[in-house]
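In this note's numbering, the protein residues as written are -18 to 696.
Encoded as structure tokens, the structure appears first; notes follow it.
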């Protein structure tokens, strides 16, 4: 595993954003992947097992997209910290550097810096098919000679060239690597050369001039330096005049001039019109008027598909869980164990998993937009709007990611360089309707909105669904505007990004994306739901000594007085028992606070349990209605839709109640995991507590207005 030289077997996959790096990572590792965070930070890392032709297994880490070793964001800081510290545990044995063949002149800056650190590096020249179709081709052999690094042409979308790439990795890893001579990428002044010489003399582990230059630029930020080393280096810097920013600019400009010369020399004359299709499409998709309209049309199509295409598989899942519950009760007979498994675990889990088809469709369609290159246009398109409310064009990435989950969305804000814009994005991202809200929306919209279509095209339910997402996005924009007025900073904000060419989405990458996100949702939500379902089953099945017996006797007496048949009597007994259980007592305690919103004690229980995760609301209601009902063949939606309010005789979930509950979940935080991540990202409890108070207060007020207003209007 360690190779013939006792190496650690660690490969770094590095490149600029939008270079196709992650697609290549999927081909190199397949399903042998895992996710986690880099040590000490919330930046996500993907790592996987890579098998060489000789049978060795190495670890490859997919690093965040980075432009240079002069970091301006948390993502770039992670790459810098790893590559600048040869003594670190994460220091790679070699680097696979991924560059977009269509933008080679822009993507080689970081490669030249990594090469000057002395790390063995392979250039994976990616997206060669897209480049060739645009008439852009390079002499890979000449490019390798001029750069001094092995160069392999690959296609991260199809996997073409990965076999040759693995062979080259094997050669480098086993020591078959000869650094080829190349011209100096930049010239340093005599003063800087003297400084570098003294730094190398002081730090024995610094073996390259560029390593020493990195130390000089970032002396106060290098946490891996010992205190005594920092003091000695400060003394050295005081002896040499050193203007860090000036030297950085001179270095980068000289590197780019050197790179431009190389690219011109190795490029084969064009045979086509580069980026012609992309340019034509962008005239429409990034148009100041048509661009936003097209974006809204895409969203409307997504929500229509989520509702319409998922109906059949959702019915199958409901039927499967219903049959499983009945089978368990038949096999185990009456008793606490069969009730726990059927009415507790299966009811709670099935109540959420039934919405997996909708979640899959949502992730699938968003992944198509990302793979095609459209999402980068959305960032560019909305940058001007975002700035008006105090955000950044990159904030749209976090906000769109928030439709999947607020946790990675909050983490994705590390790409925003302006700290004020980053903080505002973190604070408003939870307003975006995430996949955890999707089961709640689907359940309540199905109860509240009748079937039918607008002009025979878009269903009322899909329109309502989209309205809820727009409402959440509007709240995020309004919240950003308020926070922008409250927070003051002199730090300028800017957007720097590339717009990749449009391309046909590669199904392998789309499937990987959907699978990883859905699996994460099921894994994380499933654990919480099972635990809460077991606790809730106990609370809903038991009570203080004698209370359940008394509830049963009261229900039987009422049934006899009203002449109810056996089935209605059993249903009345089940309702009385759950109302007098521990869960019922908890809900009754909350009821005075939430009654003005139209909520009863059952909803109160669900509000408490769903604070662990919003989707638990559905599992909680499924558990409560399974225990409180003798009809196990009826779905949770049917049971809730059929329930009557004993005070009015009308349906419990009428328009005022359902809309009030929907609005509460649109605006409320209701996610302890998000609070924990915000605390970690902001470095304290101040902002997450402010966020929790603002969102909960807003949710209560909006729900109160909606319920009381509609009730007063006679609905």
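From the three backbone atoms N, C-alpha and C, an ideal C-beta is built for every residue, glycine too.
My output table needs one value for residue i: the three-state DSSP class, helix, strand or coil.
i: residue 30; result: strand
i: residue 538; result: helix
i: residue 81; result: strand
i: residue 610; result: Caution applies to residue 610, whose pLDDT of 49 falls short of 50 and renders its modelled position unreliable; the model cannot decide the point.
i: residue 21; result: Summary for residue 21: the model assigns pLDDT 49, below 50, so the residue's position carries little reliability, and this model does not support an answer.
i: residue -4; result: strand
i: residue 693; result: helix
i: residue 76; result: strand
i: residue 71; result: coil
i: residue 380; result: helix
i: residue 105; result: strand
i: residue 661; result: helix
i: residue 355; result: helix
i: residue 241; result: helix
i: residue 469; result: coil
i: residue 119; result: strand
i: residue 43; result: strand
i: residue 397; result: coil
i: residue 300; result: helix
i: residue 682; result: helix
i: residue 676; result: helix
i: residue 586; result: helix
i: residue 490; result: helix
i: residue 367; result: helix
i: residue 651; result: coil
i: residue 204; result: coil
i: residue 527; result: coil
i: residue 546; result: coil
i: residue 8; result: helix
i: residue 591; result: coil
i: residue 51; result: coil
i: residue 164; result: Any reading at residue 164 is ruled out, since the residue's pLDDT is 48, under 50, leaving its predicted position unreliable.
i: residue 61; result: helix
Since residue i sits in a beta bridge, which residues does DSSP pair it with?
i: residue 38; result: 32
i: residue 141; result: 136
i: residue 440; result: 434
i: residue 632; result: 625
i: residue 249; result: 118
i: residue -9; result: 40
Which whole-angstrom value describes the C-beta separation of residue i and residue j, a residue pair presumed to lie in contact below a C-beta threshold of 8 Å?
i: residue 362; j: residue 272; result: 5 Å
i: residue 647; j: residue 449; result: 6 Å
i: residue -1; j: residue 390; result: Between residue 390 and residue -1 the Cβ distance is about 19 Å, and since that is not below 8 Å, they are no contact.
i: residue 8; j: residue 132; result: Residue 8 to residue 132, Cβ: 18 Å. No contact.
i: residue 11; j: residue 79; result: Going by Cβ atoms, the distance from residue 11 to residue 79 rounds to 17 Å, so no, they are not a contact pair.
i: residue 575; j: residue 586; result: 11 Å between Cβ atoms; not a contact.
i: residue 320; j: residue 522; result: 7 Å
i: residue 247; j: residue 124; result: 4 Å
i: residue 383; j: residue 413; result: 3 Å
i: residue 377; j: residue 359; result: 6 Å
i: residue 483; j: residue 643; result: Contact doesn't hold; Cβ gap of about 37 Å is too wide.
i: residue 562; j: residue 524; result: 5 Å
Pick from the options: whose alpha carbon is nearest that of residue i?
i: residue 486; options: 457, 565, 346; result: 346
i: residue 540; options: 526, 557, 529, 528; result: 557
i: residue 447; options: 276, 367, 310; result: 276
i: residue 692; options: 666, 657, 659, 639; result: 639
i: residue 493; options: 537, 460, 344; result: 344
i: residue 684; options: 690, 645, 668, 694; result: 645
i: residue 491; options: 342, 465, 535, 517; result: 342
i: residue 263; options: 334, 354, 317; result: 354
i: residue 511; options: 52, 324, 632; result: 324
i: residue 498; options: 310, 465, 415; result: 415
i: residue 38; options: 150, 26, 682; result: 150
i: residue 559; options: 201, 217, 517, 544; result: 517
i: residue 155; options: 350, 34, 624; result: 34
i: residue 222; options: 268, 170, 193; result: 170
Three Cβ pairs or more, each shorter than 8 Å: is that satisfied between the segment 408 to 426 and the segment 666 to 681?
yes
How do the segment 64 to 75 and the segment 90 to 109 stand: do at least 3 beta-carbon pairs fall below 8 Å, yes or no?
yes
Should the segment 547 to 554 be regarded as contacting the segment 649 to 668, the criterion being three or more beta carbon pairs within less than 8 Å?
no
Tell me whether the segment 186 to 201 and the segment 54 to 70 touch, counting them as touching only if at least three CB pairs, one residue from each stretch, are closer than 8 Å.
Taking 8 Å as the limit for Cβ pairs, the verdict is that the segment 54 to 70 does touch the segment 186 to 201.
Determine contact between the segment 171 to 180 and the segment 235 to 242, defined as no fewer than three beta-carbon pairs at a distance below 8 Å.
no
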